[in-house]
Amino acid sequence: MITHHPSEELIAAYAAGSLDEANALAIATHLTLCPACRREATCYEALGASLIEELPEMAMAQDALSATLARVRSGTTTMGTMGATQPSKHAPTSQIMLPAPLRHYVGGDVDAAKWRTLGPGIQHMPLVTADGVTARLLRIAPGRSVFDHSHGGTELTLVLNGSYLAQGQRFVRGDLEMADENTQHRPVAGAEDVCICLAVTDAPLRFGNWIGRLMQPFIGI
-18 MITHHPSEEL IAAYAAGSLD EANALAIATH LTLCPACRRE ATCYEALGAS
32 LIEELPEMAM AQDALSATLA RVRSGTTTMG TMGATQPSKH APTSQIMLPA
82 PLRHYVGGDV DAAKWRTLGP GIQHMPLVTA DGVTARLLRI APGRSVFDHS
132 HGGTELTLVL NGSYLAQGQR FVRGDLEMAD ENTQHRPVAG AEDVCICLAV
182 TDAPLRFGNW IGRLMQPFIG I
């Protein structure tokens, strides 16, 4: 059961089309998994449409149609948020299916991901960087923890498979954790399955130990 959701402000910004590409990808992916937030986004879109109807008519920009089509094809509009896939319990990594918005960036499901090693039992795949914000997939082996860290900005972490524990809270498939400069944590993957997450950051992490700080220039996080 999903118990951790994005803020109303993020959902409203997504519905208005004002989020950067990486954050829009995270929200679009969450919406495929969360009917409650999907309904909320639909309400914001309806509100926006009603407000637009009250505006005086204006000429469209020449590239308006092509820009809209590009967003639809990239999967970062709520038009593509239906059709979430459900992986089988304890599925091998090669059988884990990704929500539709992510497949465009990965080139398929998890078995198509081109993983890079971050540390023992931890891998990542950068997906997109735009406007200084980066989205990446994370793969954490069961029971493994990432380095203790805080944040230079904001971080969204969406669970796609398995679970993790952070600051006494458990995050499962569909849960989205929102962290900021005041958050210090060391997420630990659940022992029951590999943890696959989508992480979005707008600033470098601040590692709490010298090993993390030493590796940071090489791993690019």
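When we follow our numbering, the leftmost residue of the sequence shown carries the number -18, and every step to the right adds one. Where a beta carbon is used, it is the ideal one built from N, C-alpha and C, also for glycine. Quantities reported herein were computed from a predicted structural model and do not represent experimental measurements.
Residues bridged to residue i by DSSP?
i: H105; result: R97, L119
i: V87; result: BP columns for V87 are empty, so no partner.
i: L28; result: In DSSP, L28 forms no bridge with anything.
i: L146; result: R151, V169
i: T110; result: T115
Comparing C-alpha positions only, which one of the options sits nearest to residue i?
i: E136; options: A3, G(-2), R97; result: A3
i: E173; options: Y145, R167, A7, Y25; result: Y145
i: G134; options: A160, R154, L141; result: A160
i: T(-16); options: A(-4), F152, D183; result: F152
i: H(-14); options: P168, Q165, L157; result: L157
i: A184; options: A93, G102, T115; result: T115
i: V140; options: L0, A7, G88, N163; result: A7
i: L11; options: G(-2), L83, E(-10); result: The sequence shown places His at residue 11, rather than the Leu named in the question. With distances taken between Cα atoms, H11 lies closest to L83.
i: T110; options: A5, A93, E(-11); result: A5
i: G124; options: A93, I103, G113; result: I103
i: V175; options: V87, I121, T164; result: I121
i: V181; options: M106, N142, G143, V169; result: M106
i: R203; options: E(-11), A147, G(-2); result: The structure shown does not extend to residue 203, since the chain is modelled only from -18 to 202, so the question has no answer here.
Output the boundary residues of the beta strand (DSSP E) element that contains residue i.
i: I177; result: 176 to 182
i: A160; result: 157 to 160
i: R151; result: 150 to 153
i: L139; result: 136 to 142
Less than 8 Å between the beta carbons of residue i and residue j, yes or no?
i: L119; j: C178; result: yes
i: I(-8); j: A22; result: yes
i: G155; j: L14; result: yes
i: R167; j: S126; result: yes
i: V87; j: A94; result: yes
i: D1; j: D112; result: yes
i: M26; j: A(-4); result: The amino acid occupying residue 26 in the given sequence is Glu; Met does not appear at that position. Yes, they are a contact pair.
i: L79; j: V91; result: yes
i: N142; j: I77; result: yes
Is residue i close to chain B? Criterion is C-beta to C-beta, closer than 8 Å.
i: L118; result: Although the question refers to chain B, the structure presented lacks it and comprises just one protein chain.
Which two residues bound the contiguous alpha helix (DSSP H) that contains residue i?
i: E173; result: Here E173 belongs to no alpha helix (DSSP H), and DSSP marks it neither H nor E.
i: H11; result: 2 to 14
i: L(-9); result: -11 to -3
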